[in-house]
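Here my numbering is used: the first residue of the sequence shown is 23, the next is one more, and so on.
Backbone N, C-alpha and C fix where the C-beta goes; we use that ideal spot for every residue, glycine too.
This structure is a prediction, so every number in the text was calculated from the model and none was measured.
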Amino acid sequence: MRRIVILFSGNGTNLENIIQKLHQKELLVAAAITNNPKAKGIERAKKYNIPVEVLDHQGFASREAFDQALVERIQKYRPHLVVLAGFMRILTPVFTSTIKNAINIHPSLLPLFKGARAIERSFASDMKVAGVTVHWVSEELDGGKIIDQACFHRENEDLEEFEAKLHKLEYELYPKVIHNIIRSKSPSSPHINKSAH
Ligand code: GAR
Numbered sequence: 023m024r025r026i027v028i029l030f031s032g033n034g035t036n037l038e039n040i041i042q043k044l045h046q047k048e049l050l051v052a053a054a055i056t057n058n059p060k061a062k063g064i065e066r067a068k069k070y071n072i073p074v075e076v077l078d079h080q081g082f083a084s085r086e087a088f089d090q091a092l093v094e095r096i097q098k099y100r101p102h103l104v105v106l107a108g109f110m111r112i113l114t115p116v117f118t119s120t121i122k123n124a125i126n127i128h129p130s131l132l133p134l135f136k137g138a139r140a141i142e143r144s145f146a147s148d149m150k151v152a153g154v155t156v157h158w159v160s161e162e163l164d165g166g167k168i169i170d171q172a173c174f175h176r177e178n179e180d181l182e183e184f185e186a187k188l189h190k191l192e193y194e195l196y197p198k199v200i201h202n203i204i205r206s207k208s209p210s211s212p213h214i215n216k217s218a219h
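Here is the structure:
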């Protein structure tokens with residue numbers, strides 16, 4: 023079975039959703055790596071006996087030094103795909119020039135609302151639709167090639183309802199995209215590292 027490594031920083035609901043839907047069925051979640059020793063996702067991953075690695079970014083002198091250590095941890099597992107699920111770190115070229123097979127989910131219809139507080143900014147906008155995007159990770163924050171998106175038509179939801187609708191879309195879309203990438207025998211994207219199959 024092909025292996026994935028999941029990176030996360032906080033609550034870990036996407037992490038748990040991916041584990042529940044795909045682990046030991048379509049693929050193996052070889053490890054879950056977090057930069058936050060207090061992340062709720064740590065307990066979620068442990069419930070399924072997924073190896074969890076905590077790499078506290080505060081222990082590093084620079085973003086580059088952290089990224090170098092992160093890359094080494096990831097490579098240990100030789101993953102077919104690296105899945106960022108609420109991983110709240112700005113990545114440097116140390117990461118993006120080495121790890122070419124990484125995808126991210128962002129809670130907006132990119133290229134709109136890149137970066138932090140995307141949900142709040144999308145909510146405050148005049149847009150009549152809102153949605154989520156899965157994209158390849160590149161050197162530009164939330165700027166890599168878009169793989170897929172899902173959206174809904176807004177109906178005067180309050181912020182809490184708006185956020186819940188976005189998360190529901192994430193829980194449907196992300197496992198579907200991961201499944202498709204893992205299943206494809208000759209990936210159309212140049213980003214996939216064939217040696218990691
Ligand atoms: C998700 O909504 C994800 O799209 C977002 O963080 C949340 C993590 O929730 N990611 C970003 O904003 C990345 N720029 P979770 O920890 O419960 O999966």
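Which of the three DSSP states, helix, strand or coil, is assigned to residue i?
| i | result |
| --- | --- |
| residue 112 | coil |
| residue 97 | helix |
| residue 45 | strand |
| residue 52 | strand |
| residue 75 | strand |
| residue 153 | strand |
| residue 215 | Note that residue 215 scores a pLDDT of 47, beneath 50, so its modelled location is shaky and nothing firm can be said. |
| residue 92 | helix |
| residue 30 | strand |
| residue 22 | Examination of residue 22 is not possible in this model, given that the chain is present from 23 through 219 alone. |
With residue i as the anchor, note down where its alpha helix (DSSP H) starts and where it stops.
| i | result |
| --- | --- |
| residue 168 | Run containing residue 168: none in the alpha helix (DSSP H); it sits in the beta strand (DSSP E), 168-175. |
| residue 146 | 140-146 |
| residue 202 | 181-205 |
| residue 66 | 63-69 |
Given a cut-off of 8 angstroms, decide if residue j and residue i are closer than it, judged by their beta-carbon atoms.
| i | j | result |
| --- | --- | --- |
| residue 125 | residue 169 | yes |
| residue 26 | residue 105 | yes |
| residue 85 | residue 34 | no |
| residue 54 | residue 30 | yes |
| residue 113 | residue 159 | yes |
| residue 246 | residue 172 | Outside the shown range of the chain, which is 23 to 219, sits residue 246, and nothing can be said about it. |
Skipping 5 residues on each side, what residues in its chain have a beta carbon closer than 6 angstroms to that of residue i?
| i | result |
| --- | --- |
| residue 76 | 56, 59 |
| residue 150 | 176 |
| residue 212 | With a pLDDT of 48 at residue 212, under the threshold of 50, the predicted position of this residue should be treated as unreliable, though the coordinate-derived value follows. No residues qualify anywhere along the chain. |
For residue i, report the span of its beta strand (DSSP E) as first-last.
| i | result |
| --- | --- |
| residue 124 | 124-128 |
| residue 106 | 103-106 |
Among residues of its own chain, excluding the 5 on either side of residue i, which ones have a beta-carbon nearer than 7 angstroms to its beta-carbon?
| i | result |
| --- | --- |
| residue 140 | 128, 129, 130 |
| residue 163 | 112, 136, 137 |
| residue 89 | 113, 114, 116, 117 |
| residue 132 | 155, 157, 164, 168 |
Once you ignore the five residues that flank residue i on each side, which residues in its own chain have a CB closer than 8 angstroms to its CB?
| i | result |
| --- | --- |
| residue 199 | 125, 156, 169, 170 |
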